[in-house]
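Student: Chains as they are written, first to last, in the numbering used here: chain A, 11 to 192; chain B, 155 to 291.
C-beta atoms are modelled at their ideal positions from N, C-alpha and C, and glycine is treated no differently.
Have a look at this one before I ask anything.
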Amino acid sequence: MKIIIIGSSTGGPYILESIFNNFPVINAVIIIVQHLPPAFTQTFKGHIEAMTRMPVSIAGEGEVITSPHIYIAPSGRHLLIKNNRTFHLNDDERLHGVRPAVDRTMLSMQNRSDDSIMGIILTGMGRDGADGIYHLHKLGAVTIAQDPATAPIKSMPQSAIETGEIDFILTPEKIRDALIKL
Amino acid sequence: MSDTTGNVMIVDDDAHVRIAVRTILSDAGFTVIAAESGSQCIDLVQQGFSGVILLDIMMPGMDGWDTIRAILDNHLEHGIAIVMLTAKNAPDTKMIGLQEYVVDYITKPFDNEDLIEKTSFIMRYLQDQTSPGRSLE
Numbered sequence: 011m012k013i014i015i016i017g018s019s020t021g022g023p024y025i026l027e028s029i030f031n032n033f034p035v036i037n038a039v040i041i042i043v044q045h046l047p048p049a050f051t052q053t054f055k056g057h058i059e060a061m062t063r064m065p066v067s068i069a070g071e072g073e074v075i076t077s078p079h080i081y082i083a084p085s086g087r088h089l090l091i092k093n094n095r096t097f098h099l100n101d102d103e104r105l106h107g108v109r110p111a112v113d114r115t116m117l118s119m120q121n122r123s124d125d126s127i128m129g130i131i132l133t134g135m136g137r138d139g140a141d142g143i144y145h146l147h148k149l150g151a152v153t154i155a156q157d158p159a160t161a162p163i164k165s166m167p168q169s170a171i172e173t174g175e176i177d178f179i180l181t182p183e184k185i186r187d188a189l190i191k192l
Numbered sequence: 155m156s157d158t159t160g161n162v163m164i165v166d167d168d169a170h171v172r173i174a175v176r177t178i179l180s181d182a183g184f185t186v187i188a189a190e191s192g193s194q195c196i197d198l199v200q201q202g203f204s205g206v207i208l209l210d211i212m213m214p215g216m217d218g219w220d221t222i223r224a225i226l227d228n229h230l231e232h233g234i235a236i237v238m239l240t241a242k243n244a245p246d247t248k249m250i251g252l253q254e255y256v257v258d259y260i261t262k263p264f265d266n267e268d269l270i271e272k273t274s275f276i277m278r279y280l281q282d283q284t285s286p287g288r289s290l291e
């Protein structure tokens, strides 16, 4: 299974909508962990859903991942993935001041020979996602950071780049191309 | 085409910024009010303001982060979306725990079109909370 995990924070909805505008169906699972005010998650899902013919939903507890599909982490809960196939939500302490934390999702991924994984870190405050992207790269994932020059807030992609485990630093347009060509 | 209707509050201690933002966004079609401090912003939200808040970080007294904390502590976040509008390039450690509530970030000096586009984009999130989901043509 092809699994893509995208971590994003402040400024992310605008970037993500540019990436998923008229987005084709690709044979992959895309999991978006976006820090958002709780009231905005459903709206964000609706906007992404309106832009693509891929199924889009908010990840639910115990839900088994299917492909192709775009899943969005629910607001206020950490999103973990058991055995790379089943979502588990929990209310553990905030990490980096946020819940869901990108790191918690990425760090829950395991090495499976039947999976190809991609991790992407977009705009945002702080360093959420840096440990996760380090972990994913050690698992063999392709890792991408948004070019900080194109990010409203540079610290999340910059922190990911500083791990030394980023394969590609790309603009949002190139990230979109990379997803479509996957 | 972008929808440029809805309420916007510019919160900045610099009168030049307040006037510039008010002029640009009013001309675009938004209804704009201005606050010169974080505490004035809180007062206006308590009086029922709903819409997009363009919030400066570095203000005397209550800064932008303190203002967001006060909004959250008083459970006033319903119906508002916060965009930081600031000359400060790097957010500081005071933002920890608040990043979920800052939907976007615009750096001063700003491009007029970028200001209008980002404000319109965030406004759509607020307006769509009370509207049925859109669908593909």
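1) List, in order along the chain, the chain A residues whose C-beta lies closer than 9 Å to that of HIS170/B?
2) On a CA-only basis, which of GLU103/A, MET61/A, ASP125/A and HIS88/A is nearest VAL39/A? Give me that one, please.
3) Which chain B residues are close to THR194/A, counting only those with a beta carbon under 9 Å from its beta carbon?
4) Under 7 Å between the Cβ atoms of ILE131/A and ALA151/A?
5) Can you pull the chain A residues whose beta carbon is under 9 Å from the beta carbon of GLU231/B, in chain order?
6) Quick one: list the residues of chain A neighbouring MET163/B, beta-carbon separation under 8 Å, in chain order.
7) According to DSSP, is VAL186/B helix, strand or coil?
8) Counting only runs of 3+ residues fully inside the segment 57-101 of chain A, write out the beta strand (DSSP E) ranges in chain order.
9) Whose C-alpha, out of GLY174/A, PRO110/A, ILE29/A and THR62/A, is nearest the C-alpha of ALA69/A?
10) Look at the alpha carbon of MET116/A and the alpha carbon of GLN253/B, and state the distance between them as a whole number of angstroms.
11) Taking only beta-carbon positions, decide if VAL186/B is within less than 7 Å of chain A.
12) Identify whether GLN253/B lies in helix, strand or coil by the three-state DSSP scheme.
13) What is the DSSP secondary structure of GLN52/A, counted as helix, strand or coil?
14) Which whole-angstrom value describes the C-beta separation of LEU90/A and SER118/A, a residue pair presumed to lie in contact below a C-beta threshold of 8 Å?
15) Are the Cβ atoms of ARG137/A and SER169/A separated by less than 7 Å?
16) Please confirm whether VAL218/B and ILE211/B have their CB atoms less than 7 Å apart.
17) In whole angstroms, what separates the C-alpha of LEU198/B from that of TYR279/B?
18) Taking MET249/B as the query, report the chain A residues whose CB atoms sit under 9 Å from its CB, ordered along the chain.
19) Classify LYS262/B as helix, strand or coil using the three-state DSSP reduction.
20) By how many angstroms is the C-alpha of THR240/B removed from the C-alpha of VAL66/A?
21) Name the residue from ARG114/A, LEU146/A and THR133/A whose alpha carbon lies nearest to the alpha carbon of TYR259/B.
22) Rank ASN228/B, HIS170/B and MET163/B by C-alpha distance to the C-alpha of LEU208/B and give the top, closest one.
23) Would you please state the rounded distance, in angstroms, between the beta carbons of ILE143/A and THR173/A? I believe it to be under 8 Å.
24) Only counting the same chain, and skipping five residues up and downstream in sequence, which positions put a Cβ closer than 6 Å to that of GLN7/A?
25) Just to make sure I have the definition right: I need the residues of chain A whose C-beta is within less than 8 Å of the C-beta of VAL256/B. Which are they?
26) Which of helix, strand or coil does DSSP assign to THR247/B?
27) In whole angstroms, what separates the C-alpha of PRO47/A from that of VAL186/B?
28) When burial is assigned at 16 or more other CB atoms within 10 Å of the CB, is LYS92/A buried or exposed?
29) Report yes or no: do the segment 44-58 of chain A and the segment 78-85 of chain A share at least 3 C-beta pairs separated by less than 8 Å?
30) Could you name the residues of the same chain whose beta carbon sits closer than 8 Å to that of ILE234/B, not counting the 5 residues immediately before and after it, in chain order?
Tutor: According to the data block:
1) Within 9 Å Cβ-Cβ: nothing; HIS170/B doesn't reach chain A, min ~23 Å.
2) ASP125/A
3) The shown model of chain A, from 11 to 192, leaves out residue 194/A, and the question about it has no answer.
4) no
5) PRO47, PRO48 and ALA49
6) Per Cβ cutoff of 8 Å: no residues; MET163/B is ~16 Å from chain A at best.
7) strand
8) 66-68, 79-82, 88-92 and 96-100
9) PRO110/A
10) 19 Å
11) no
12) helix
13) helix
14) 4 Å
15) yes
16) A quick correction: the sequence has Gly, not Val, at residue 218/B. Yes, they are a contact pair.
17) 21 Å
18) THR20, GLY107, MET135 and GLY136
19) coil
20) 34 Å
21) THR133/A
22) MET163/B
23) 6 Å
24) Since the first residue of chain A shown is 11 and the last is 192, residue 7/A is not available in this structure.
25) THR20 and MET135
26) helix
27) 23 Å
28) exposed
29) yes
30) VAL199, PHE203, SER204, GLY205, VAL206, ILE207, ILE225 and LEU280
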